[in-house]
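Keeping their order, the protein sequence lines are chains W and B.
Counting from 1, position 272 in the first sequence corresponds to residue 272 in UniProt numbering; the numbering is continuous, with no gaps.
Counting from 1, position 96 in the second sequence corresponds to residue 96 in UniProt numbering; the numbering is continuous, with no gaps.
Protein chains: 2
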Amino acid sequence: MNRIVVFLFAMISSRRLVAALAPTAGGNRVFSRTSFALQASKPSGGGRVSGAVQDQNLLDKTTKQDSPQQKGRPQLDTNPPKGTRDFYPQDMRLRTWLFDHWRAVAKSFGFSEYDAPVLESEALYVRKAGEEVTTQLYNFVDKGDRAVALRPEMTPSLARMVMAQKGGLPMPLKWYSIPQCWRYERMTRGRRREHFQWNMDVWGVAGPEAEAELMAAMVTFFENVGLTAEDVGIKVNSRLVIGEVLDSLGIPEEKFAVTCVLVDKLEKVPIEAIQGDLEELGLDRSVVEKLLDVLTNKSLDALKGTLGEDSQAVKELSQFMTLCEAYNIQNWILFDASVVRGLAYYTGIVFEAFDRRGELRAIAGGGRYDKLLETFGGVQTPAAGFGFGDAVIVELLKERDVLPSFESTGVDTVVFAMNQDLYAPAVGVASVLRKAGQSVDVVLEGKKLKWVFKHADRIGAKYCVVVGADEYLNGEVAIKDLSGGAQKSVKIDDLSNWVSDEQ
Amino acid sequence: MNRIVVFLFAMISSRRLVAALAPTAGGNRVFSRTSFALQASKPSGGGRVSGAVQDQNLLDKTTKQDSPQQKGRPQLDTNPPKGTRDFYPQDMRLRTWLFDHWRAVAKSFGFSEYDAPVLESEALYVRKAGEEVTTQLYNFVDKGDRAVALRPEMTPSLARMVMAQKGGLPMPLKWYSIPQCWRYERMTRGRRREHFQWNMDVWGVAGPEAEAELMAAMVTFFENVGLTAEDVGIKVNSRLVIGEVLDSLGIPEEKFAVTCVLVDKLEKVPIEAIQGDLEELGLDRSVVEKLLDVLTNKSLDALKGTLGEDSQAVKELSQFMTLCEAYNIQNWILFDASVVRGLAYYTGIVFEAFDRRGELRAIAGGGRYDKLLETFGGVQTPAAGFGFGDAVIVELLKERDVLPSFESTGVDTVVFAMNQDLYAPAVGVASVLRKAGQSVDVVLEGKKLKWVFKHADRIGAKYCVVVGADEYLNGEVAIKDLSGGAQKSVKIDDLSNWVSDEQ
Numbered sequence: 001m002n003r004i005v006v007f008l009f010a011m012i013s014s015r016r017l018v019a020a021l022a023p024t025a026g027g028n029r030v031f032s033r034t035s036f037a038l039q040a041s042k043p044s045g046g047g048r049v050s051g052a053v054q055d056q057n058l059l060d061k062t063t064k065q066d067s068p069q070q071k072g073r074p075q076l077d078t079n080p081p082k083g084t085r086d087f088y089p090q091d092m093r094l095r096t097w098l099f100d101h102w103r104a105v106a107k108s109f110g111f112s113e114y115d116a117p118v119l120e121s122e123a124l125y126v127r128k129a130g131e132e133v134t135t136q137l138y139n140f141v142d143k144g145d146r147a148v149a150l151r152p153e154m155t156p157s158l159a160r161m162v163m164a165q166k167g168g169l170p171m172p173l174k175w176y177s178i179p180q181c182w183r184y185e186r187m188t189r190g191r192r193r194e195h196f197q198w199n200m201d202v203w204g205v206a207g208p209e210a211e212a213e214l215m216a217a218m219v220t221f222f223e224n225v226g227l228t229a230e231d232v233g234i235k236v237n238s239r240l241v242i243g244e245v246l247d248s249l250g251i252p253e254e255k256f257a258v259t260c261v262l263v264d265k266l267e268k269v270p271i272e273a274i275q276g277d278l279e280e281l282g283l284d285r286s287v288v289e290k291l292l293d294v295l296t297n298k299s300l301d302a303l304k305g306t307l308g309e310d311s312q313a314v315k316e317l318s319q320f321m322t323l324c325e326a327y328n329i330q331n332w333i334l335f336d337a338s339v340v341r342g343l344a345y346y347t348g349i350v351f352e353a354f355d356r357r358g359e360l361r362a363i364a365g366g367g368r369y370d371k372l373l374e375t376f377g378g379v380q381t382p383a384a385g386f387g388f389g390d391a392v393i394v395e396l397l398k399e400r401d402v403l404p405s406f407e408s409t410g411v412d413t414v415v416f417a418m419n420q421d422l423y424a425p426a427v428g429v430a431s432v433l434r435k436a437g438q439s440v441d442v443v444l445e446g447k448k449l450k451w452v453f454k455h456a457d458r459i460g461a462k463y464c465v466v467v468g469a470d471e472y473l474n475g476e477v478a479i480k481d482l483s484g485g486a487q488k489s490v491k492i493d494d495l496s497n498w499v500s501d502e503q
Numbered sequence: 001m002n003r004i005v006v007f008l009f010a011m012i013s014s015r016r017l018v019a020a021l022a023p024t025a026g027g028n029r030v031f032s033r034t035s036f037a038l039q040a041s042k043p044s045g046g047g048r049v050s051g052a053v054q055d056q057n058l059l060d061k062t063t064k065q066d067s068p069q070q071k072g073r074p075q076l077d078t079n080p081p082k083g084t085r086d087f088y089p090q091d092m093r094l095r096t097w098l099f100d101h102w103r104a105v106a107k108s109f110g111f112s113e114y115d116a117p118v119l120e121s122e123a124l125y126v127r128k129a130g131e132e133v134t135t136q137l138y139n140f141v142d143k144g145d146r147a148v149a150l151r152p153e154m155t156p157s158l159a160r161m162v163m164a165q166k167g168g169l170p171m172p173l174k175w176y177s178i179p180q181c182w183r184y185e186r187m188t189r190g191r192r193r194e195h196f197q198w199n200m201d202v203w204g205v206a207g208p209e210a211e212a213e214l215m216a217a218m219v220t221f222f223e224n225v226g227l228t229a230e231d232v233g234i235k236v237n238s239r240l241v242i243g244e245v246l247d248s249l250g251i252p253e254e255k256f257a258v259t260c261v262l263v264d265k266l267e268k269v270p271i272e273a274i275q276g277d278l279e280e281l282g283l284d285r286s287v288v289e290k291l292l293d294v295l296t297n298k299s300l301d302a303l304k305g306t307l308g309e310d311s312q313a314v315k316e317l318s319q320f321m322t323l324c325e326a327y328n329i330q331n332w333i334l335f336d337a338s339v340v341r342g343l344a345y346y347t348g349i350v351f352e353a354f355d356r357r358g359e360l361r362a363i364a365g366g367g368r369y370d371k372l373l374e375t376f377g378g379v380q381t382p383a384a385g386f387g388f389g390d391a392v393i394v395e396l397l398k399e400r401d402v403l404p405s406f407e408s409t410g411v412d413t414v415v416f417a418m419n420q421d422l423y424a425p426a427v428g429v430a431s432v433l434r435k436a437g438q439s440v441d442v443v444l445e446g447k448k449l450k451w452v453f454k455h456a457d458r459i460g461a462k463y464c465v466v467v468g469a470d471e472y473l474n475g476e477v478a479i480k481d482l483s484g485g486a487q488k489s490v491k492i493d494d495l496s497n498w499v500s501d502e503q
C-alpha cells in the first residue's frame with residue numbers, strides 16, 4: 001500500500017481538509033464559510049457514519065470491473081461487483097478481530113445483538129429531507145414488483161422491528177448489530193458501496209444517560225484496541241441548538257429536520273451551491289447565516305451566552321458532560337456546535353468520533369432520534385444510538401500501527417502420515433488432538449516431509465505431528481515444536497495429556 | 001407453534017414423503033417412479049442444500065406483506081420483506097449459538113473463514129443445466145445497468161476468489177464461510193427467500209480424503225450439538241456412477257451435467273412431466289430408465305455387480321467408506337445410489353445429510369466439483385465442499401429437544417442507583433465490574449427497586465448491585481444474588497475481587 005497516495009486521498013476526501021492543513025492544534029475543524037469552497041468538490045460521507053472510504057484496491061484495479069458482461073465468456077471477470085470487497089482469510093481475520101472487539105464491548109455493556117434483512121422495503125427510507133443516505137439508495141424493483149433496497153443504514157430496520165412488537169418489548173432496549181450497509185452513487189469512482197457498521201442503540205430512555213452510556217461503550221472500544229484520547233476525540237452537540245435558533249426566529253417546526261440536513265451540507269459545499277435548496281425551503285439567507293454564526297461556538301459557556309441561561313440545549317449538554325466525567329471519559333469528549341450530522345431524524349444530542357490528526361473522515365457518528373417511530377406511524381419513543389463503520393477505524397489502526405498480525409491461521413498442529421498405510425492412524429491422531437481442543441490441519445495428500453514443514457510454517461502452526469512407521473509400531477508419534485525446533489516422541493495414548501500440558 | 005401443522009407441512013414438503021408414510025425402517029427414501037406422482041406438486045429444495053423451509057411465521061401472517069406500498073403511509077408495514085426474517089435478540093442468540101458451533105468445528109479442522117459480497121454479478125450463475133438454483137435467481141439490473149444477483153449459493157464466489165489470485169494461493173485450501181444466500185421463486189407461498197448456509201470446502205485435493213475430512217467435520221458438528229447417528233444419516237453416492245452408465249451407452253460427455261440435474265428432478269416429478277426436457281436433451285427414455293435402474297442400488301456390492309469390477313465409481317466409493325472408518329464415522333454414512341444432488345457442477349462423490357425419521361428436507365448437501373473453475377475459464381483444480389443451511393437443522397434440533405434455552409441475555413449484573421445523586425457512583429461501579437469482565441446493565445432511568453428486580457429477573461441477570469446512600473457513605477454497595485436471593489454488602493474497592501471470586 002502506497003502510504004503517500006493513501007494520505008493524499010485521505011486529505012482530498014477529508015471533511016477536515018482545512019484542519020489538517022492549518023496549524024490549529026487539537027484537531028478541531030475550522031468552521032468558516034471560506035473553508036467550504038476548498039471542499040466543494042468533495043462528496044459527502046453522509047448517513048449515520050461516513051460510510052465509504054477511498055478504496056485503494058479499487059483504484060489499483062482501474063476500470064476492469066466496469067467492462068460489460070462478456071457473453072462468450074472465455075474467462076469470468078474475477079472482480080467482486082464494483083465497490084464491494086472480497087474477504088480472503090487474512091482480511092477475514094482482521095474483520096473478525098474487529099467484530100469480536102465490537103461484540104465484547106456490547107456484551108460488557110449488557111447490550112443484546114439483533115439482525116434484520118439486508119434487503120428492506122424502500123418505503124423504510126422514504127424521507128424528503130434530501131439526505132445523502134436516501135438519495136444514494138441501492139434500490140431496485142424486484143420480480144414481484146416490490147420497491148426494495150439494500151439497506152443504507154440499520155436504524156429504520158430497528159424502528160420497524162420495535163414497532164412490529166406493538167409495545168410488547170419491555171423498555172428500555174439496549175440492542176446492537178453489525179449489519180452490512182449499502183449505498184449507490186454514480187458520480188465518484190473508487191469509493192466503496194458497502195461497509196459493515198457497528199450499531200448500538202438505547203430505546204426508551206429520555207435523558208442523556210443513554211447517550212453517555214453509548215459514548216462510554218464507544219470509548220471502551222477505542223481503549224481496548226489500543227487508541228487513546230490523543231488519537232481520537234468525540235465532538236458533541238445538540239440539535240436543540242438549531243431548534244432554539246429557529247424557534248427564536250419564528251421558523252415553523254416542520255422545517256427543523258430539513259434545515260439540519262442542509263446545515264450539515266454546508267460543511268462541504270459553499271452556501272451558493274445550495275441556494276436553490278434554501279429558497280425551496282423558504283429559509284431566508286439571513287436565517288442560515290444566523291445559524292452558522294451560532295454553530296461556530298466551541299464552548300458551552302459561549303453557547304450559553306448566545307442562547308441564554310434557560311436554553312434547554314445548554315442544560316442537556318451540561319448534564320451530558322457531567323455524566324461523561326462519571327464515566328471518566330471526559331478527555332475524549334469536546335463540545336462543538338458545528339456538528340449536526342446528516343440524518344434527518346436526529347432530534348437532540350448528536351456526536352461524531354474523529355481522528356485528532358484530522359486526516360480521516362468521521363470514524364463514527366450518532367445521536368438521539370426521539371421521533372423516528374412517530375414518523376412511521378408508531379408511538380413516539382425516545383431513542384439514541386450510533387453507527388460505527390469498519391473502514392475508517394481500520395485505516396486509523398493501521399496508521400497508528402496498533403493492529404495485531406493476521407498472518408497466522410490459528411492452526412495449532414499439522415498432522416502428517418509418512419505413507420498411505422499410515423493415513424488412517426494419522427486421522428485417528430488428528431481426531432484425538434481435536435477432541436482435546438486443538439485446531440488440527442491434516443495433510444490430505446501424499447506429500448514430502450519438506451513440503452509439510454514449509455506448509456506448517458506458512459500457516460503459522462505451532463507443532464507438526466508426524467506418523468511414521470517405526471514410531472507407530474511403538475504406539476508413538478513424533479512431535480516437532482515448530483517454534484523451538486525440538487522434536488520428541490509421544491505415546492498416542494498420551495496425546496490428550498500432551499495437549500493439556502502444552503496449553 | 002402448532003406442532004401438528006408443522007408436521008403436516010413437513011410431510012407435504014418432504015422429499016421423503018413416501019419414506020415417512022411407508023413402514024420402511026431406517027429412513028431410506030423409497031426411490032421408485034410410482035412415488036414421484038405423490039410428490040408432483042412439491043417444489044424442489046434445489047441447490048447445494050435444500051435451502052428454504054416452510055416458514056410458519058409467514059404462513060401465520062397471511063398476506064399482509066403482499067399489500068401494495070401505501071403512498072400516504074399512516075403506518076409503515078412492519079413486516080420484513082416477503083420470505084425474509086428479523087432476528088430479535090432471542091432469535092439472534094440461537095443463530096449465534098449455531099454459528100459458533102459451525103465456527104468451532106471449522107476451526108478444529110483447521111479451516112479458515114472467508115467471505116464475499118452478498119451481491120454478485122449474475123454472470124457467476126449463468127449455467128444452462130436448468131438447475132433450480134439458477135432458475136430461481138434473486139437477480140436484477142442495478143442503476144449502472146449491471147446484471148447482478150443476491151447470491152443463491154457460495155461456491156461460485158469462492159471459485160471467483162480462487163481464480164482472482166491466478167494460482168497465487170498455496171494449495172490445498174481449506175476454507176469455510178457462513179453466507180446468507182437468496183432465492184426468488186414466484187409460485188409457492190410461505191417459503192423463505194433467504195437462509196444462512198455453512199460452507200466448508202477443500203481445494204487442491206484430488207482424492208476422497210477431502211470428502212472424508214469434510215464429512216468428519218459435519219459429523220463432529222452433529223455430535224457437538226447433541227445429535228447421534230440414530231438421528232442423522234449421510235447418504236453418499238458418486239456421479240461417476242451416472243458417468244459410467246452414460247459412457248457404456250455411448251452418450252457424449254457434454255450431456256453429463258444436464259443429465260445429472262434431470263435425474264435429480266426425477267426424484268420429485270414423474271418422468272412424463274419432463275418428457276420435453278428429455279427430448280430436448282436427446283436422451284432416449286430407455287437411457288433414463290437404465291439410469292434409474294442403476295440408481296436403485298442400495299449397496300456397494302450390488303453396484304459392483306451392475307457396473308463391474310473395474311468401475312472407478314465403486315473403487316472411489318469403497319476407498320471413501322474405508323476412510324470413514326478411520327474417522328470412526330461409519331455409523332453415520334450409508335451408500336445410496338439415488339443421491340445425485342441438483343447442482344450441475346458436481347463431478348464425483350455427492351452426499352446429503354438427512355434426518356433418519358424422514359420428516360424433514362435435506363439437512364446439508366455437497367460433493368466434488370473438479371471442473372467448476374474450468375467452466376469459468378480458469379485452470380482445472382480439484383475441489384469438494386458442502387453447504388449446510390440454518391433452517392432444517394434448527395427444526396431438527398427443536399424436534400429432538402436438544403436446543404439450550406436462549407432466554408437469558410447473558411447479563412451478569414444489573415447496577416442501580418437508588419437516587420439521582422448516586423448515579424455517578426453507580427456508573428463508576430459499573431465500570432469496575434465491566435473491567436473485571438462482567439456484562440453489566442446499568443439502569444439508565446429513575447426506577448423503583450421493585451421494577452429493577454423484576455427487570456433483572458426478566459433479563460436473566462445473576463446479580464443486582466444497588467448503590468444506596470447509607471452503603472455508599474461506607475464505601476460499600478449492596479449485592480443481591482438473584483439465584484439464591486442472599487444479599488450482602490461489598491466494599492467498592494473489593495468489587496474486582498468479588499467478581500473473581502464469583503467466577
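The beta-carbon is built from N, C-alpha and C at its ideal position, and this holds for glycine as well.
Since the structure is predicted, the reported quantities are computational estimates derived from the model, not experimental observations.
Per DSSP, residue i forms a beta bridge with which residues?
i, result
"H195 (chain B)", "B:C181"
Does residue i have its Cβ less than 8 Å from a Cβ in chain B?
i, result
"T409 (chain W)", "yes"
"D441 (chain W)", "yes"
"F221 (chain W)", "no"
"V499 (chain W)", "no"
"E279 (chain W)", "no"
"T84 (chain W)", "yes"
"Q380 (chain W)", "no"
Step through the CB atoms of chain W and report whether any lies within less than 8 Å of the CB of residue i.
i, result
"R146 (chain B)", "yes"
"T96 (chain B)", "yes"
"E194 (chain B)", "yes"
"D421 (chain B)", "no"
"E113 (chain B)", "yes"
"G389 (chain B)", "no"
"T78 (chain B)", "yes"
Taking buried to mean at least 16 other C-beta atoms within 10 Å of its own C-beta, is residue i buried or exposed?
i, result
"W498 (chain B)", "buried"
"L458 (chain B)", "Checking the displayed sequence, the identity of residue 458 (chain B) turns out to be Arg instead of Leu. Exposed."
Alpha helix (DSSP H) containing residue i: first to last residue?
i, result
"D457 (chain B)", "449–458"
"S286 (chain B)", "285–294"
For residue i, does the three-state DSSP call read helix, strand or coil?
i, result
"Q312 (chain B)", "helix"
"M200 (chain W)", "strand"
"Q275 (chain W)", "helix"
"S431 (chain W)", "helix"
"D401 (chain W)", "coil"
"F140 (chain W)", "strand"
"L119 (chain W)", "strand"
Beta strand (DSSP E) containing residue i: first to last residue?
i, result
"A210 (chain W)", "Careful: A210 (chain W) lies outside any beta strand (DSSP E), inside the alpha helix (DSSP H) at 209–224."
"G366 (chain W)", "364–368"
"D481 (chain W)", "476–481"
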